[in-house]
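One structure below.
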């Protein structure tokens, strides 16, 4: 789709269709081959980046999207990247970044409804051979899935290696032993 063909949508309380949260989640999960359970999980911005990539292939550099994170700063970066893509594509929508990253239902639900309107207005067909999971390098889209992955990674990297140090029969003093001996008064240097 060429930039001149972007259809901007305006959403007001009187004009927008109302989708239930379940309808929004079903739509997201179908499009992205994911398992998003809560509207609040959209606060990461990752799902929106992937959805925009479906509409306008390669408009978002998905390698720069932070999928595995629970930090607001990463969500902010994802949404800033999305806003930059909106500007480049001439999409007339200001993303309420600092409201969305808080993860509150109402803010994320309202933006999800707008995004669904925008998606429906601009979607013609799925790009040939498009695989949403492969496109995001099999990264998760929910905070819970990201936390599980992070926990499993840190569990494997932080597992302590136990090693038993045995003293040899001939004990060699460590650096600390002379210092301790001086502190106890032994081997005081003569002045």
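Numbering (UniProt numbering), first residue to last: 1 to 191.
Glycine included, every Cβ here is placed at the ideal spot set by N, Cα and C.
Subject >> Selection from 28, 23 and 123 that minimises the alpha carbon distance to residue 141 >> reply: Counting from 1 along the chain shown, the entry for residue 141 is found at position 141. Distances from the CA of residue 141 to each of 28, 23 and 123 were compared; the closest alpha carbon is that of 28.
**OP:** Leaving aside the five residues before and after residue 42 along the sequence, list all residues of the same chain whose C-beta is less than 6 Å from its C-beta, in chain order.
**Re:** Position 42 of the chain shown holds residue 42. Non-local beta-carbon contacts of residue 42 in its own chain, meaning distances under 6 Å to residues more than five positions away in sequence, involve 108 and 112 in chain order.
Subject >> Residues near residue 105 by beta carbon distance below 7 Å, same chain, minus five either side >> reply: As a working mapping, residue 105 is identified with position 105 in the chain shown. Within the same chain, and ignoring the five residues on either side of residue 105 in sequence, the residues whose Cβ sits closer than 7 Å to its Cβ are 39 and 40.
Original post:
Taking Cβ positions, are residue 135 and residue 50 nearer each other than 8 Å?
Top reply: Reading the chain shown from its first residue, position 135 is the one you call residue 135. Reading the chain shown from its first residue, position 50 is the one you call residue 50. With respect to residue 50, residue 135 sits close: the two C-beta atoms are nearer than 8 Å.
Original post:
Candidates 53, 151, 76 and 129: which alpha carbon is nearest residue 123's?
Top reply: Looking up residue 123 in the chain shown gives position 123. It is 53 whose Cα lies nearest to the Cα of residue 123.
Subject >> Contact check, residue 101 vs residue 81, beta carbons under 8 Å >> reply: Counting from one through the chain shown, the residue named residue 101 turns up at place 101. Counting from one through the chain shown, the residue named residue 81 turns up at place 81. It is not a contact, given that the beta carbons lie outside the stated cut-off.
**OP:** Identify whether residue 123 lies in helix, strand or coil by the three-state DSSP scheme.
**Re:** In the chain shown, the residue the question calls residue 123 occupies position 123. Coil, per DSSP.
Original post:
When the Cα atoms are used, what is the spatial distance from residue 9 to residue 154?
Top reply: Looking up residue 9 in the chain shown gives position 9. Looking up residue 154 in the chain shown gives position 154. Rounded to the nearest angstrom, the two C-alpha atoms are 43 Å apart.
**OP:** Look at the alpha carbon of residue 69 and the alpha carbon of residue 97, and state the distance between them as a whole number of angstroms.
**Re:** To locate residue 69, count along the chain shown from 1; it is residue 69. To locate residue 97, count along the chain shown from 1; it is residue 97. One Cα belongs to residue 69, the other to residue 97, and the distance between them is close to 16 Å.
Original post:
What first and last residue would you give for the alpha helix (DSSP H) that runs through residue 99?
Top reply: Taking the chain shown and counting its residues from 1, one reaches residue 99 at position 99. It spans 97 to 100 - the alpha helix (DSSP H) in which residue 99 sits, taken as one unbroken run.
Original post:
What residue range is occupied by the uninterrupted alpha helix (DSSP H) comprising residue 135?
Top reply: Translated into positions along the chain shown, residue 135 becomes position 135. Residue range 132 to 135 is occupied by the alpha helix (DSSP H) that includes residue 135.
Original post:
Taking the alpha carbon of residue 60 as the point to measure from, which residue in 84, 23 and 76 has its own alpha carbon closest?
Top reply: Start at 1 with the first residue of the chain shown, and residue 60 comes out as number 60. Restricting attention to 84, 23 and 76, the CA atom closest to the CA of residue 60 is found in 84.
Subject >> For residue 87, three-class secondary structure by DSSP >> reply: Residue numbering aside, residue 87 sits at position 87 when the chain shown is read from its first letter. Here residue 87 carries a helix assignment [DSSP, helix/strand/coil].
Original post:
Where do the N-terminal and C-terminal ends of the alpha helix (DSSP H) with residue 50 fall, by residue?
Top reply: For the purposes of this step, residue 50 is taken as the residue at position 50 of the chain shown. For residue 50, the enclosing alpha helix (DSSP H) begins and ends at 46 to 55.
**OP:** Could you tell me if residue 75 is buried or exposed, where buried requires 16 or more neighbouring beta carbons within 10 angstroms of its beta carbon?
**Re:** For the purposes of this step, residue 75 is taken as the residue at position 75 of the chain shown. Looking at its Cβ environment, which holds 16 or more other Cβ atoms inside 10 Å, residue 75 is buried.
Subject >> For residue 94, the three-state DSSP class (helix, strand or coil) >> reply: As a first step, residue 94 must be located in the chain shown, where it is residue number 94. DSSP places residue 94 outside both helix and strand once states are collapsed to three, so it counts as coil.
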